[in-house]
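In the working numbering, the protein residues as written are 2 to 297.
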């Protein structure tokens, strides 16, 4: 998935957080515990402190911080930081129109932080082992871009730019859920195949699919030019591969255990692909409402 030639993306939207090496220790259990922590926190709205035992601190305290600067489309197509910056601006443009139209709520841009090693958030302290996550307490998306290599090497995703942008779009999906008041409604403490935790995750996948399905027609408000070129089949398959890779059943198998649906917190690989596809194929916010769906 490539950004259209001639595109220009302003800086100052994505903050770069200073690393704090060794700031948070992952709990005991050896390598499997680290894998579980990484996977559980991948694309989830839950607090990092639920898993990592960090202490709550000031929201968004990342030490020395700057911002990702202005990027061209060429840079966004080759550099992960620039791609994140451009994807965020595409998501902003999409939800600024779609959320008021379909949800009756004015879109509020979440903060976005690209960090290395560790970061303090409004939800607690987190390390790179948490993967990308959304913190509702400070309405901020946090990403360590090194995670994308792990997504392929540890969980079998094909990789690729659209797969990376899917993860960011999923975290934005959590922000949309938060704006719609669904985080307050849902009981995100439980697990199981029909749990609210799974439903919230599947809805975020569907909302990510909504953005992806229209990304090639969403125009940059500054230029009037669509952000992205049309998605090719191979690129879509890469995004679907990323969705399948973070299914609970795939994660449990790859961590050496049996598949236990009662421990599901994000949904199966099949469900994650299904709900992303619902959004991608023209679904609306109402179509994506897994929280009230009779079946998943």
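Ideal Cβ positions, reconstructed from N, Cα and C, are used throughout, including at glycine.
This structure is a prediction, so every number in the text was calculated from the model and none was measured.
When 222, 224, 292, 206 are compared, the shortest CA-CA separation from residue 274 is found for 206. A direct Cα-to-Cα measurement between residue 254 and residue 260 gives close to 6 Å. When the beta-carbon positions are compared, residue 217 and residue 208 stay at least 8 Å from each other. Taking residue 138 as reference, the option from 6, 176, 190, 257 with the minimal CA-CA separation is 176. Around the Cβ of residue 270, a 10 Å sphere holds 16 or more other Cβ atoms; the residue is buried. In this structure, 163 is the residue among 190, 293, 81, 163 with its C-alpha nearest to the C-alpha of residue 236. Of all C-beta pairs linking the region 93-113 to the region 277-297, three or more are shorter than 8 Å, placing the two stretches in contact. When the beta-carbon positions are compared, residue 92 and residue 212 come within less than 8 Å of each other. The Cβ-Cβ distance between residue 14 and residue 142 does not fall below 8 Å. Around the beta carbon of residue 200, 16 or more other beta carbons sit within 10 angstroms, so the residue counts as buried. Residue pairing for residue 127: DSSP places it in a beta bridge opposite 120. Residue 229 carries a strand assignment under DSSP once its states are collapsed to helix, strand and coil.
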